[in-house]
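With numbering that gives the first Met the number 0, the residue at position 81 of the sequence shown is 80, and numbering never jumps.
Just so you know, even glycine gets a beta-carbon here, dropped at the ideal spot from N, CA and C.
Notes for the one structure printed next.
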Amino acid sequence: MRTSFIALVGLVTSILAVPNSLQPRQDSICAPPGHEVCCNPPSADIVDFGCTSPFPPPVNVTDFQNICSSKGSVARCCDLVIFNIGILCSAP
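Written out as structure tokens, the structure is:
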């Protein structure tokens, strides 16, 4: 009986110790499963080459396009990126 009481008190204490609010997260620019990448022009809709992650991370679509264009690249949302090759890409 004591063990059950101690376990219950421990459980209640751990539940009360959890913060009740979540930190807001940045919304993704690309709809899932899309990944934000800057690819070499010209861009096709199936496969894009020379795709890299934008740096610094963009905060909105306009920022994303500006970051990529400053590097001579095109902003793309690709479903899959393997070895700098974007697959199933579209405009943000």
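Residue range of the alpha helix (DSSP H) that includes C67: In the sequence shown, counting from the first residue as 1, residue 67 sits at position 68. Segment 60 to 69, the alpha helix (DSSP H) holding C67.
Cβ neighbours of D78 in the same chain (closer than 8 angstroms, five flanking residues each side left out): What you label residue 78 is simply residue 79 of the sequence shown in a count that begins at 1. Cβ within range, chain order: P32, G33, H34, I86, L87, C88.
Whether P91 touches V60 by CB criterion (8 angstroms): Start at 1 with the first residue of the sequence shown, and residue 91 comes out as number 92. Start at 1 with the first residue of the sequence shown, and residue 60 comes out as number 61. Contact flag set, yes.
Element boundaries [beta strand (DSSP E), containing G143]: Here the chain comprises residues numbered 0 to 91, so residue 143 is not present and cannot be evaluated.
Pair within 8 angstroms by beta-carbon distance, V37 and C50: The residue given as residue 37 occupies position 38 in the sequence shown. The residue given as residue 50 occupies position 51 in the sequence shown. Sequence inspection shows Cys at residue 37; the Val mentioned does not correspond to that position. It is a contact, given that the beta carbons lie within the stated cut-off.
Straight-line Cα distance separating S72 from P55: The residue you call residue 55 lines up with position 56 of the sequence shown. The residue you call residue 72 lines up with position 73 of the sequence shown. P55 and S72: Cα-Cα distance of roughly 14 angstroms.
Where I81 sits in the DSSP three-state scheme: Taking the first residue of the sequence shown as 1, we reach residue 81 at position 82. Strand.
S3, DSSP secondary structure in three states: The residue labelled residue 3 in the question sits at position 4 within the sequence shown. It is helical.
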